[in-house]
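*Asks:*
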Ligand SMILES: [Mg+2]
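In our numbering, the protein residues as written are 95 to 506.
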C-alpha cells in the first residue's frame, strides 16, 4: 500500500515574516499587498490575528477594525519563494517524489521508507518549526486526495492520519465541497441529487453520478471511495508534466481581434492559475487557432523569461494570433498552452525577481487565486471581460468550460 503525505505550511507568508523578524513573534501580523492602501487585501495572517477574526481576502481596513493592533507587512514574494524552496529541500530528505501544489503545499510519496508516515510527518513538523520557524499541517494517507483532506482537518502544527480503517469515519461525514476539485458548480449539481457528504458520493450509484457529472462523476466517486491512484508527480525530475494548456470552443464564432483577445486572456489567466497551482513557470507559449472550416494552426513563441503570470502568457498569445491569423474565416476554437516548464522559485535569484512590475503582478495574481478559491472563479475578472459578457460568462474552473488541450486535440 502507498504512503502519501500532504504537507501544508500554516499561514505561510505570515510565518515567513515572523520567522525573519523576532519582534513580530506572538503579535497579530498580517501580510498584505500594499499597506499604504487601506483598500489593499489581506493575503495571510498569523494565528494571533486569526484569533481576532482577521481573514484572508478581506480588505485591510476591515481587518484593522477587527484587530486595532494589527501589524501590517508588505508581501515579499522573493522571500516566500526562497522559503518554499527550502521546504522542498526538507521534504527531499525523505523522498525524491515531491509534488508542489501552490507555493506552500506539497505531496510526498514516502512509500517503502523505513519510517512510517506518521513518524515522517512528526519529523518534518519538528524540522520546519525549529529550522525555518514554520508550522505544518500534515495529512498522512494511502492516496493523494485523502492526504490533502487530512492536512485540512487539524491546524496549526498537527498530523492527521486517514487510514483504510478509519476513512469512513473521518472522511465520509465531510461536506462534498471539501473534496479536491469540487467547485461550486459541481457541488450544486450534487445537491440537486440530494448528495451533501463525501460518504453519499461514495455510496451513490455510479450511473447517477455519471448522468449528472459525466466522466467527473466517476472520478469523484473513486476519490470518495479511497480509490484515487494518481501518482505524486515531481516536476523537477520527472517528465510527466510537459505542458499546461486550456482551450475552448467559443459560444459564438469569433470574428475579429478584439473578440479573440477576450478569449485569449481568459485562457491565459486560467493556464497561469494552473501553473501556479502546480508550482511551475513556463518559457514557451503556444496558441492553437481553429477556424469555422475546422482547420487549425499552432504558433508558438519564447517568453523573454520564465513566467507564471496570466498577463505575460495572455500577451504572448495575443501577439501570436495578431501576427499569424489572417481572418479569412471566423474562429471557432482557441487554445493556449504553456510549455518548457520549470519549478517556480527554482530561479528565485535570477533577475526575474528584481523586476518590480513582475513582483507586483505576481502578488496581484496570487491574491486573485486566493479570492477565487474562496468566492468562485468569476468573483473577479479583467475589465476586458466586461465588454463581451456572452463570451466570458464561461467559468473556466467550476464548469470545466475550458478543456485541457490534449483532449481537445484528440477530438479535433
Ligand atoms: Mg497553507
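Cβ atoms here follow ideal geometry from the backbone N, Cα and C, with glycine treated the same way.
Which residues does DSSP pair with residue 374 in a beta bridge?
*Replies:* 437, per the DSSP bridge assignment.
*Asks:* Whole angstroms is fine: what's the gap from residue 362's alpha carbon to residue 326's?
*Replies:* 26 Å
*Asks:* For residue 500, does the count of other Cβ atoms within 10 angstroms reach 16, so buried, or fall short, so exposed?
*Replies:* Low per-residue confidence applies at residue 500: pLDDT is 40, beneath 50, and the placement is therefore not dependable enough to give any value.
*Asks:* For residue 408, is the classification buried or exposed, using 16 other Cβ atoms within 10 angstroms of its Cβ as the cut-off for buried?
*Replies:* buried
*Asks:* What does the alpha-carbon distance come out to for the pair residue 290 and residue 278?
*Replies:* 13 Å
*Asks:* Which word fits residue 142, buried or exposed, when buried means at least 16 other C-beta atoms lie within 10 angstroms of its C-beta?
*Replies:* buried
*Asks:* Quick one: does the C-beta of residue 246 sit closer than 6 Å to a heavy atom of ligand 1?
*Replies:* no
*Asks:* So for residue 389, helix, strand or coil by DSSP?
*Replies:* Correct three-state label for residue 389: coil.
*Asks:* Consider the C-beta atom of residue 236 and the heavy atoms of ligand 1; say whether any pair is separated by less than 6 Å.
*Replies:* no
*Asks:* Counting pairs of Cβ atoms below 8 Å between the stretch 238-245 and the stretch 253-269, do you hit three or more?
*Replies:* Taking 8 Å as the limit for Cβ pairs, the verdict is that the stretch 253-269 does touch the stretch 238-245.
*Asks:* Which residue's Cα is closest to the Cα of residue 349: 416, 475 and 189?
*Replies:* 416
*Asks:* May I have the straight-line CA-CA distance separating residue 414 from residue 383, to the nearest angstrom?
*Replies:* Looking at the two C-alpha atoms, the distance is approximately 10 Å.
*Asks:* Under the three-state reduction of DSSP, which class applies to residue 448: helix, strand or coil?
*Replies:* Residue confidence is low: residue 448 scores 49 on pLDDT, short of 50, so the model does not pin down where it sits. Its coordinate-derived value is still stated next. In this structure, residue 448 counts as helix in the three-state DSSP scheme.
*Asks:* To the nearest angstrom, how far is the alpha carbon of residue 300 from that of residue 315?
*Replies:* 7 Å
*Asks:* Check for me: the beta strand (DSSP E) holding residue 93 runs from which residue to which?
*Replies:* Residue 93 cannot be examined here, being either before or after the span of the chain that is shown, 95 to 506.
*Asks:* Which residue marks the beginning of the alpha helix (DSSP H) containing residue 310, and which one marks its end?
*Replies:* First-last of the alpha helix (DSSP H) with residue 310: 309-318.
*Asks:* Do residue 106 and ligand 1 come close, with the Cβ less than 6 Å from some heavy atom?
*Replies:* yes
*Asks:* According to DSSP, is residue 462 part of a helix, a strand, or is it coil?
*Replies:* In the structure shown, residue 462 sits in a helix (DSSP, three-state: H, G or I).
*Asks:* Quick check: the Cα distance between residue 224 and residue 341, rounded to an integer number of angstroms?
*Replies:* Computed Cα separation, rounded: 45 Å.
*Asks:* Taking 8 Å as the cut-off, does the stretch 419-427 touch the stretch 378-395 (at least 3 CB pairs, one atom from each stretch)?
*Replies:* yes
*Asks:* So if DSSP puts residue 432 in a beta bridge, which residue, or which two residues, is it bridged to?
*Replies:* 338 and 379
*Asks:* Do you know offhand how far residue 369's Cα is from residue 146's?
*Replies:* Distance from the CA of residue 369 to the CA of residue 146, rounded to the nearest whole angstrom, comes to 34 Å.
*Asks:* Check whether the Cβ atoms of residue 123 and residue 112 sit closer than 7 Å, and answer yes or no.
*Replies:* yes
*Asks:* Return the chain-ordered list of same chain residues with a C-beta closer than 8 Å to the C-beta of residue 456, the five sequence neighbours on each side being excluded.
*Replies:* 171, 402 and 403
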